[in-house]
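The block underneath contains the structure these notes are about, expressed in structure tokens.
Protein chains in written order, with the numbering used here: chain A, 1 to 473; chain B, 1 to 397.
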């Protein structure tokens, strides 16, 4: 039986208070807060975090489909970067699904088809978005950053797909032309009355008919919306009771674009019981609607690491920092010398270390080692034996902070920087930057794990690498 | 292997004024240092038979020395990061020792302030490559790479951050006092422990006054065979030992490196003591100029070089052991702390002070009856270093 075999979501640590934004611009807003990607995160890094939480590094899967409207590259595949960050095998089929809020659900349907046809055993669907609303506008207070991933496969899924229903609709509600930095949108009432409302009603009617069911047969209904009021109104019109409606997280995380429905689904499945039926609707240029049935498998995959509890471990940043992180204000140039950019050729030679923090393990003495600036290690640093190594992945190894500095001079948009010496629990050392830290809890011996981040951007490309961050669980 | 002790002598030295030399180019600094050295040795530029110019950023190749207008002699540019100045002296000394020439010039220069930025220009960030391209990976500042040592030192020797910072501050206060007595120093202001402790943080736990300045400067030495030295002057200074010890980034790769010592410092000094016949450096060394790029490093150098027992540098600091009036005065000229650190010049600037002290010409900073002096540089940082030691004396034997 094909279905969802694993699911996870990633919401960045940072929050922006929407009341602060309203006060700043003297406008009315919805209140609450929204999730903000760190200055060193983008749709790719968040997607990798979500993907790694679902399938682990080096997973044996056949496909990775990436849904986003904010691929950092206009030309260059995001899915391939995600697959290498999660250290998936070279034969993995990668594809980007783009340009629509439905990119994730279209990717999910394609994944279901691939698995159902027997062409693939398992396909990871990753949805990630980091859309920008223009300052002072409604979208600024609506759009949040986040990612989710789910694995489609056979065997014993945690949720089966009972029915799917798809509508394609060329309706212009939100859009960006090629050079737009900010999401544009039509009048809210027009979207609701002419586009969102009727499309969703048609899709729900269609899927209920397919299943021969009524709204009360479902434990939860999941769909994102362009506002809390629109969300509540539609749920009511569709005939669902309060207890059935999955929180759209609009005043805690924000509308995370392509990721939004999948983040909601991850939360819903965390709380679901075997036998629960769930309606999962994804809106954008039409609608994809899935009727899901939770299986006994749900109890097996629960690890105790609650995504919902993780959401509470957040840090509120001020609006100035938000404007800086999103490059929305010009800032005075640093008086420190600019960092030069790495060469494409050295990046290529160093690709395994960049992708999944590969170092080597000496086959003579067993010591894992990682070169601090990415040169090839030819002679063992411990036993001096030449060229007797096997590849060794560090990205999934936990470590402790041996020493550190709180560095005012480190190039960062979240000063002061923090960098230090990480000793991995299973051997090996790396001097690296840290991220997502709280300075008042930093100390020697602090447990850390590795996270894939954006280091710098220049010469027209993005320089990704790994940082350490405090272990959150 | 031949011992070089007492076979080569320094017979002339020069040192430019250090500081923000906005109106001086590399050429002016070179001429200022070289011609003081020529005059000191009582020779002219025509008598120089070979030269080594040390610089990290201020010029490629031997042509960097062209402002001196030396006429078709062999010249080589050397570079060994922060140990570059000492490296020029080592090359010139070895040439004399080898009999390749009889009179050689070692000169170092750095013009850091032309960059127009705060701090040392690229690779400004430790993760960057030596060729100036960015490293793929972390970026952290030079102060941070030394702050790791302070964090670990405080941790391992159970010092609270407040206690640790006050101890480090004593080093800055000492060096600034010495610098205040030196007309060639960049910074001549005296500091109090409170001022140092309260200064803005650069890389916690290090604050502004734990870090050396950024300056322009040049320094030069003229070396010759020891048996010819008295033809130039009655008070030549004899080279007793010269060593560098280069790590292979072990400390950045291996977990057994502790960040409270620098192996390259330890090994370079031990080899030098052996070469110079020194058994107890704490007692036998009269004066030392050490690499106080950051106060924590000066403290760790006390222990690495055997001036203080492991973990006991703090006691010696509190007892004033390393002050001008102490048993082993360190950085009597004000150190990197007051001179700043024009990379290529620093090693030779240190030697300039030791040379003047051993000749009893250090004015208000003069220490009593010195016999043996030591200079120490560290290129790189904790875990990835180039340790350099030079020992000289005012008598043979």
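Just so you know, even glycine gets a beta-carbon here, dropped at the ideal spot from N, CA and C.
- Runs of the alpha helix (DSSP H) lying entirely within the region 214-276 of chain B, each at least 4 residues long, are 250-253, 263-276 in chain order.
- Taking the Cα of residue 171(A) as reference, the smallest distance to any Cα among 118(A), 228(A), 102(A) is reached at 102(A).
- Between residue 44(A) and the set 108(A), 129(A), 54(A), 263(A), the nearest pair of CA atoms involves 129(A).
- In this structure, DSSP gives residue 191(A) a helical state, which the three-state scheme calls helix.
- Shown here, residue 255(A) sits in a strand according to DSSP, grouped into three states.
- Close CB contacts of residue 383(A) within its chain, under the 8 Å cut and outside five residues either way in sequence, are with 362, 364, 365, 367 (chain order).
- One thing to note: residue 154(B) has its Cβ no nearer than 8 Å to the Cβ of residue 143(B).
- Under the Cβ criterion (8 Å, minimum of three pairs), the region 369-385 of chain A does not count as touching the region 399-419 of chain A.
- Taking C-beta atoms under 8 Å as the contact rule, residue 139(B) and residue 349(B) fail to qualify, at a distance of about 29 Å.
- Sequence-distant Cβ neighbours of residue 32(B) in its own chain, meaning closer than 8 Å and more than five residues away, are 14, 16, 17, 24, 218.
- Residue 379(A) has its alpha-carbon roughly 23 Å from the corresponding atom of residue 265(B).
- Residue 57(B) sits in coil when the DSSP states are folded into three classes, being neither helix nor strand.
- Proximity of residue 152(B) to chain A, defined by a Cβ-Cβ separation below 8 Å, is satisfied.
- In this structure residue 381(A) is in contact with residue 250(B), their Cβ atoms being roughly 6 Å apart against a cut-off of 8 Å.
- Beta-bridge analysis with DSSP links residue 288(A) to 166(A), 282(A).
- With respect to chain A, the C-beta atom of residue 43(B) has no partner C-beta closer than 8 Å.
- For residue 181(B), the CB contacts under 6 Å within the same chain, skipping 5 residues up- and downstream, are 364, 365 in chain order.
- Interface criterion met: the Cβ of residue 404(A) is under 8 Å from a Cβ in chain B.
- The shortest C-alpha to C-alpha distance from residue 463(A) to any of 469(A), 340(A), 429(A) is the one to 340(A).
- Listed along the chain, the chain B residues whose CB falls inside 7 Å of the CB of residue 335(A) are 117, 118.
- Within chain B, the C-beta atoms nearer than 8 Å to that of residue 382(A) come from 254, in chain order.
- Think of a sphere of 9 Å around the beta carbon of residue 407(A): the chain B residues whose beta carbon falls inside it are 140, 141, 143, 144, 147, 202, 203, 204, in chain order.
- A residue is called buried once 16 or more other Cβ atoms fall within 10 Å of its Cβ, and residue 119(A), having fewer, is exposed.
- Here residue 426(A) has 368, 397 as same chain residues with Cβ atoms under 7 Å from its own Cβ, once five neighbours each way along the sequence are excluded.
- The C-alpha of residue 9(B) lies about 9 Å from the C-alpha of residue 96(B).
- A contact is defined here as three or more CB-CB pairs under 8 Å, and the region 371-387 of chain B meets this definition with respect to the region 252-270 of chain B.
- In this chain, the alpha helix (DSSP H) harbouring residue 178(B) covers 161-180.
- Just measuring C-alpha positions, the residue of 107(A), 55(A), 66(A), 114(A) sitting nearest residue 87(A) is 55(A).
- Sorting 166(B), 99(B), 205(B) by C-alpha distance to the C-alpha of residue 227(B) places 99(B) at the top.
- In this structure, residue 223(A) lies near residue 281(A), with their beta-carbon atoms less than 8 Å apart.
- Take the alpha-carbon of residue 351(B) and the one of residue 307(B): they are about 19 Å apart.
- Straight-line spacing of the CA atoms in residue 47(A) and residue 147(A) works out to 6 Å.
- Residue 12(A) has its alpha-carbon roughly 14 Å from the corresponding atom of residue 326(A).
- Contact note: residue 155(B) reaches chain A through 444, using a C-beta cutoff of 7 Å and chain order.
- Neighbourhood of residue 234(B) in chain A, by CB distance below 9 Å: empty, with the nearest CB roughly 47 Å away.
- Contact between the region 268-282 of chain A and the region 55-65 of chain A is not established, with fewer than three Cβ pairs separated by less than 8 Å.
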